[in-house]
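Numbering (this note's numbering), first residue to last: 2 to 130.
Below, the structure written as structure tokens:
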């Protein structure tokens with residue numbers, strides 16, 4: 002009888018992504034703009050093009066503000082037609098590189114640029130951090 006692993010169905014947790022942070026400094030509460038897609042922990046975030054200050058999922062190759070990664074999602078969120086609160090990993094933290102939820106279609110060059118943008122904010126991605 003084949004055994005079934007319970008680990009395969011265990012939900013992702015923030016601790017799967019975040020390895021080091023300063024709670025009162027690294028994490029911010031923000032607003033996630035209305036979204037057509039659910040977000041996982043570690044989704045790269047950009048600022049909305051409408052200058053509202055709300056976060057949106059990063060759009061690789063975009064020429065407006067949505068094309069520049071500024072943070073990582075520190076919470077999961079469902080699809081909603083209105084803005085919703087979100088925890089963001091904004092600065093001075095170490096994350097597991099393989100736990101970052103890259104958008105479909107992001108190529109290696111775009112990922113490298115996104116990691117460099119995060120590094121300017123003190124967000125360091127390491128394998129097996």
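Even for Gly, the Cβ is constructed at its ideal location relative to N, Cα and C.
Just so we're clear, the structure is a prediction, and the values are computed from it rather than from any experiment.
> Among 123, 127, 116, which has the Cα closest to the Cα of residue 61?
Replying inline: 116
>> According to DSSP, simplified to helix, strand and coil, what is residue 30?
In response: strand
>> Can you check which of these residues, 82, 50, 57, 65, is closest to residue 43 by C-alpha distance?
In response: 57
> Under a CB-based cut-off of 8 Å, is residue 49 close to chain C?
Replying inline: Structure shown: chain C not included; a single protein chain is present.
>> With H, G and I counted as helix, E and B as strand and the rest as coil, what does DSSP make of residue 128?
In response: coil
>> Assess contact between the segment 79-86 and the segment 29-36, defined as three or more Cβ pairs (one per stretch) separated by less than 8 Å. Is contact present?
In response: yes
> How long is the line joining the alpha carbons of residue 19 and residue 95, rounded to whole angstroms?
Replying inline: 6 Å
> Of all the alpha helix (DSSP H) runs that stay within the bounds of the segment 87-128, which reach a length of 4 or more residues?
Replying inline: 109-120
>> Could you give the first and the last residue of the continuous beta strand (DSSP E) run that contains residue 74?
In response: 72-74
> Just checking my contact of residue 46 with residue 74 at CB under 8 Å: how many whole Å lie between their CB atoms?
Replying inline: 6 Å
>> I'd like to know whether the C-beta atoms of residue 77 and residue 99 end up nearer to each other than 8 Å.
In response: no
> Exposed or buried, residue 23, counting other C-beta atoms within 10 Å across all chains shown (16 or more means buried)?
Replying inline: exposed
>> So if DSSP puts residue 58 in a beta bridge, which residue, or which two residues, is it bridged to?
In response: 46
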